[in-house]
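The listed protein sequences correspond, in order, to chains A and B.
Using this note's numbering, you'd call the opening residue of the first sequence number 1130 and step up by one each time.
Using this note's numbering, you'd call the opening residue of the second sequence number 47 and step up by one each time.
Every residue gets a Cβ at the ideal spot worked out from N, C-alpha and C, and that includes glycine.
Written out below as structure tokens is the structure these notes cover.
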Amino acid sequence: MPVGDLLPEIVLLVGAVAIVLLAAFTPHERQHWGAWLALFVLAVSFGLTWSQWSSLPRTTFSGVWAMDGPAIAAKGLILVGGAIAVLLSPAWMLTDRRHGEYYALVLFALLGAIMMASANDAMELIVGVLLSSVASYPLVAYHRGWSPGLEAAMKYFLIGALTNTLLATGVVILFGLAGDTDYAHLDERLATQGGDQFALSIATMGIVIGLSFKLAAFPGHAWMPDVAQGAPAPVAALLSVVPKVGAAVALARFVSILPESVAWAPIVALIAVVTMTLGNLAALRQTDVRRLLGWSSVSQSGYALMAVVVIGTAQAMTALLGFMLAYLLANLAAFGVVTHLRGRTCLADYHGLARTQPLIATVLILALLSLVGIPPLVGFFGKFLLFEATMAAGYAWLAVVAVINTVLSLFYYLRVIAAMAFQPGQAEIPTLGRSSALAMLISAILLLVTSLGVQGGMAMSPMLHLVTP
Amino acid sequence: MILTLALVIPWLGALALALLPGWTQSQARWVAVGSAGLSLLALVFAWTGFNPAGPLFQHIDEVRWVPSLGVAYRVGADGIALAVATMSAVLFVAAILYPVDTRGQPRQYYAWLVFLQGASLGVFLTLDLLLFYVFFDLTLVGMFFLIGRWGHGEAQTAALKFFLYTFAGSLLMLLGIIGLYLSLETPTFDMRVLIAEQPLAGTGAYAGLVFLALMLGLAIKTPLVPLHTWLPQAHVDAPGPASAVLAGVLLKLGTFGMIRLPFAMMAETFARYALPVAIIALVAILYGALVALGQSNLKRRIAYTSINHMGYTVLGIAVAAALVTDNPMVRQLALTGATVEMVAHGLITGALFLISGSFWQRTGDYALDNYGGLAYQAPLLTGFTVLASFASLGMPGLAGFVAEFQIFTGTFAVYPWLAVLGVVGILITAALFLDMLRRLFFGHLPTHLGQFSELSRTEWSVLGGLSLGIVIIGVYPRFLLTLIDASSAILVGGR
């Protein structure tokens, strides 16, 4: 068995176990060691992932595990996002009596997302989705005495249970149709034998809905605003970005093995349109910043799905990952600000922030403008690549819908910016700690650096094609 | 190199103002004036080094940025860009010098103004289509903060409306830009390649859609009736100097964009739709003038005359694009006229908005009915307002006349009946400005204006500088026309 191919994942797993053991034997005041251990593990795993990059696209473990450009790039994104979320956590979790295990759960959630991105087999996909979900539910409910958190976790769990079941059902039907779960074989059999179109459509629907839960896209999106509002802020940061990266690549991988006859492209396009419009409309009137960010995160998934619609074309995977990178950094910076401000969430509490805390306000303004796609921030390049890929593939109408939605979204992002920059504010605004400030600044700096270093990302685009088909 | 300097210096100034705390009001102002002035100096230098007999674009700088997308840092200027950019820099220096209440945040106010200068000059001077879009959007960000933070009345609503409306326009333009980009064999954003290849010539409906997206986006910015509704409110609630920049510089981005993108890059398509565009421009001319006549708010009235004047510019561009006559001289005349109109309108309306800012600083009131009899009280203010108003209504010997004369001569040769109808617009403009002057400066002096003070030294020297420019262009337009003709001749294919 080529165990070496899985080194980054094995490191994560061993690290998580070590953290659980560490947490069991350390007193409360040293529980935050788990965070530093987790960061170390993430750094090692990132280094190992980096060293995999040069290799040619291939599969390993008899074809179930993809090691192609998209998988490795997604892995890198997931690890970076995870590291920032971990760095946000120690100051936030300080008062929790047992927070050592928290970091182990984060690592498991990351591992699940990585499995989603790399799975080249429907069974493997289920394992990834479940691992990521199971580790995420307790993270949302980590503040055991806080009822909004528990409510969010309950909602998250119920929607998750339903959609995961649909996913499993879809995979089972697919297995029944083609007699295999390996994507390479599935691709072959679905292309050659006509099979039962109706059953194939049902299976596709189940799997797409199952992944929509992880993507926070319609119809599995309803948990996102609640989690953004009720979960511990670093967890909201983590769950609004990391599972999406894994699920986006997983969905792209899955739809590209489907035969033309399933008409999946119009379906995904429809989901994209509904998701972005719904998210934006719901965010429009929010006066709660965390909820607003949650709905904005839903709408951003809609944009990402535009790339999945045209995934067969040359630029689509670059667009998908480029957009995800931009979204990930901007959203982490935004949630970093929320965390650093001790999770303050009412829009009225942000009044005058530009005057009392200019640095923090600047980070949030940059993050929000990047989410809109104002150039030259990296969010602009993400959207630009999306528009270009969809227009080149003849989906100009989709780009037009996305443009209308972008204007719509500008309205609520500007409301937050206006509250910070134009309103008079209160004098004293408490902040969290040095580690959260650091995490917030790192994500902001990464946002600016990637904006300038777009060429570096574009240079990778020739390697970003899927191993199957 | 010289154009890069003109772009970078304001941004360095903005950066210094934004990052280094502890500037006082006057220090901050002088840093801003210094960086804006140096940038202006660089542009003047570029102007003197411009060879009218040379190639279309000169002073070119190019640095690799994202080669895999065909994006690069490319700057360069033709005569049209250089003329409009220099006018913009002059106006920025004037706007920065003009006294304004910075509400305890001078650093931020001046930082945003010089940032806006860098972004606006970027639009005029870049030769990369993507960079054009980048700068185009950055001007929105700068103006949003200037209106929202230092405006009055419903400043936040005005800022929000301005940003949303014009951002919708720029996104439409982005779709058009991508459409243009994808139509090339090897996609690139190099404007020179796009102008040379005319990639959409003969592609029918697709070209029409791209043209529509570009024109709609630019028409919102210009603004053309019926896409003008964001303009009056943004103007009324913005601080005086920001209004001057908005009317003098930001509106030019729309018309300049029309010359640079659809006119230069898809000449054949523009020729096909020239008549509808010209008719819409005529509607803007008449509608803008008539609505301005009906306004009793000083700033609204000036704002609507902007719509009227930008209508002249668009009419000139449309005439220059039409292939009705074989005579390139006529089309060149119209294009040159449109460019001179941009320069003249920038200086004239800039001056008028600065003046309205002075009114606001003194009384906090724009209602024309509350004024009167100020001619004795403030002779200098009266003099400058009269000069700018007469220039705006097209009095011979002043800048506006040179522009409108050329535009209407060109139009008369191509669409005679449009020219006849358009001249009515000038008539209405004359009426509305004379009415405005009467209500402000003549008749009884209301008692509450007894303390109304004359222009301060800074105010009249800034207005004096702008007025000097208006008179020089009116009396001796040669120096400007040589520069512009060099490029318009190439663009209409006469050379």
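Closest residue to residue i among the options (Cα-Cα distance)
i	options	result
B:ARG347	B:SER435, B:TYR422 and B:GLY95	B:SER435
B:ARG408	B:GLU500, B:PRO278 and B:TYR358	B:GLU500
B:LEU87	B:GLY254, B:GLY248 and B:SER134	B:SER134
B:SER352	B:ALA421, B:THR428, B:ALA127 and B:LYS267	B:LYS267
A:GLY1144	A:PHE1154, A:LEU1168 and A:VAL1132	A:LEU1168
B:ALA330	B:ALA310, B:LEU321, B:LEU270 and B:ALA368	B:LEU270
B:VAL109	B:LEU177, B:PHE96, B:ALA82 and B:ALA165	B:LEU177
B:PHE103	B:VAL90, B:ILE126 and B:ALA118	B:ILE126
B:LEU220	A:VAL1532, A:ARG1273 and A:PRO1363	A:VAL1532
B:LEU321	B:THR457, B:TRP93 and B:ALA310	B:THR457
A:ALA1436	A:SER1426, A:LEU1410, A:PHE1452 and A:VAL1545	A:PHE1452
A:ALA1172	A:VAL1209, A:LEU1500, A:ALA1147 and A:ALA1153	A:VAL1209
B:ILE325	B:GLY225, B:SER533, B:VAL466 and B:LEU206	B:VAL466
A:HIS1594	A:PRO1372, A:ALA1522, A:SER1265 and A:ALA1448	A:ALA1448
A:ASN1534	A:GLY1586, A:ALA1522, A:ALA1401 and A:LEU1506	A:ALA1401
B:TRP196	B:VAL508, B:GLY286 and B:GLY511	B:GLY286
B:GLN12	B:ALA310, B:LEU210 and B:SER289	Residue numbering for chain B in the displayed model covers 47 to 541; residue 12 of chain B lies beyond these limits and cannot be assessed.
B:LEU258	B:LEU307, B:HIS281, B:LEU296 and B:ALA290	B:LEU307
B:PHE447	B:LEU537, B:THR431, B:PHE430 and B:THR475	B:THR475
B:LYS298	B:HIS355, B:PHE479 and B:LEU483	B:HIS355
A:GLY1274	A:GLY1305, A:PRO1348, A:ALA1360 and A:ALA1332	A:ALA1360
B:GLY526	B:ALA60, B:GLN154, B:LEU53 and B:VAL90	As written in the sequence, residue 526 of chain B is Leu, which differs from the Gly given in the question. Nearest of B:ALA60, B:GLN154, B:LEU53 and B:VAL90 to B:LEU526, Cα basis: B:VAL90.
B:ALA338	B:LEU379, B:THR249, B:PHE170 and B:LEU439	B:LEU439
A:THR1294	A:TYR1456, A:VAL1235, A:ILE1336 and A:LEU1567	A:ILE1336
Those residues which DSSP pairs with residue i across a bridge
i	result
B:VAL117	B:VAL112
B:GLN104	B:ALA123
B:ASP559	The question about residue 559 of chain B has no answer here: the residues shown for chain B are numbered 47 through 541.
A:ARG1187	A:MET1196
B:ASN343	B:ALA413
A:ASP1417	A:CYS1475
A:ASP1134	None; A:ASP1134 has no bridge partner.
A:ALA1248	A:TRP1194
Residue j beta carbon less than 9 Å from that of residue i
i	j	result
B:GLY194	A:ALA1164	no
B:LEU361	B:ALA384	yes
B:GLY443	B:PHE488	no
A:MET1446	A:SER1590	yes
B:GLY294	B:GLY357	no
B:LEU184	B:ALA165	yes
B:GLY168	B:ASP283	no
B:LEU63	B:ALA131	no
A:ALA1376	A:LYS1343	yes
A:PHE1175	A:PRO1137	yes
A:SER1428	A:ALA1412	yes
B:MET375	B:VAL323	no
A:LEU1239	A:LEU1296	no
B:ARG485	B:ASP411	no
A:GLN1486	A:ILE1558	yes
A:LEU1570	A:ALA1362	no
B:GLN315	B:VAL256	The sequence shown places Thr at residue 315 of chain B, rather than the Gln named in the question. Yes, Cβ-Cβ distance for B:THR315 and B:VAL256 is below 9 Å.
A:ILE1213	A:SER1572	yes
Relative to chain A, which residues along the segment 95–123 of chain B have a C-beta separation below 9 Å, given in chain order? Answer set for the segment 95–123 of chain B: ARG110, TRP111, VAL112, PRO113, SER114, LEU115 and VAL117.
Would you list, in chain order, the members of the segment 166–188 of chain B that have their beta-carbon closer than 9 Å to a beta-carbon of chain A? For the segment 166–188 of chain B, which is checked against every Cβ of chain A, the residues closer than 9 Å are LEU176, LEU177, TYR179, VAL180, PHE181, PHE182, ASP183, LEU184, LEU186 and VAL187.
Could you please tell me which residues of the segment 193–208 of chain B, in chain order, have their CB closer than 8 Å to any CB of chain A? Residues of the segment 193–208 of chain B whose Cβ lies closer than 8 Å to any Cβ of chain A, in chain order: GLY194, ARG195, ALA201, GLN202, ALA205 and LEU206.
Residues of the segment 212–232 of chain B with a CB closer than 8 Å to any CB of chain A: list them in chain order, please. Listed by position, the residues of the segment 212–232 of chain B near chain A (Cβ gap below 8 Å) are PHE213, ALA214, LEU217, LEU218, LEU220, LEU221, ILE224, GLY225, TYR227 and LEU228.
Which ranges would you report for the alpha helix (DSSP H) in the segment 1260–1341 of chain A if only whole runs of at least 4 residues count? Fully enclosed alpha helix (DSSP H) runs of no fewer than 4 residues occupy 1276–1307 and 1312–1321 of the segment 1260–1341 of chain A, in order along the chain.
Alpha helix (DSSP H) runs contained entirely in the segment 1485–1572 of chain A, provided each spans 4 or more residues: If only complete runs of 4 or more residues are kept, the segment 1485–1572 of chain A shows the alpha helix (DSSP H) at 1487–1501, 1507–1521 and 1525–1551, in order along the chain.
Contact list for the segment 1570–1583 of chain A against chain B, Cβ threshold 7 Å: Flagged, chain order: VAL1583.
For the segment 148–167 of chain B, enumerate the residues whose C-beta is nearer than 9 Å to any C-beta of chain A, in chain order. So the list reads GLN151 and GLN154, given in the order they occur along the chain.
Runs of alpha helix (DSSP H) lying entirely within the segment 1219–1243 of chain A, each at least 4 residues, in chain order: With a minimum length of 4 residues, no continuous alpha helix (DSSP H) run stays inside the segment 1219–1243 of chain A.
For the segment 389–454 of chain B, list the alpha helix (DSSP H) runs that are entirely contained and at least 4 residues long, ordered along the chain. Taken in chain order, the complete alpha helix (DSSP H) segments of 4 residues or longer contained in the segment 389–454 of chain B are 420–423 and 425–438.
Hey, which unbroken runs of the alpha helix (DSSP H) at 4 residues or more fall wholly within the segment 212–288 of chain B? Uninterrupted alpha helix (DSSP H) stretches at least 4 residues long and entirely within the segment 212–288 of chain B occur at 237–243, 251–267 and 276–283, given in chain order.
Pick out the complete alpha helix (DSSP H) segments inside the segment 1410–1463 of chain A, 4 residues or longer, and give them in chain order. Runs of the alpha helix (DSSP H) inside the segment 1410–1463 of chain A: 1418–1438.
So if I threshold CB-CB distances at 8 Å, which residues from the segment 299–318 of chain B count as touching chain A? In summary, no residue of the segment 299–318 of chain B has a CB separated from any CB of chain A by less than 8 Å.
Using a beta-carbon distance cut-off of less than 7 Å, what residues from the segment 1539–1573 of chain A approach chain B? When CB distances to chain B are screened at a threshold of 7 Å, the residues of the segment 1539–1573 of chain A falling below it are LEU1539, PHE1540, LEU1543, ALA1547, ALA1550 and PHE1551, in chain order.
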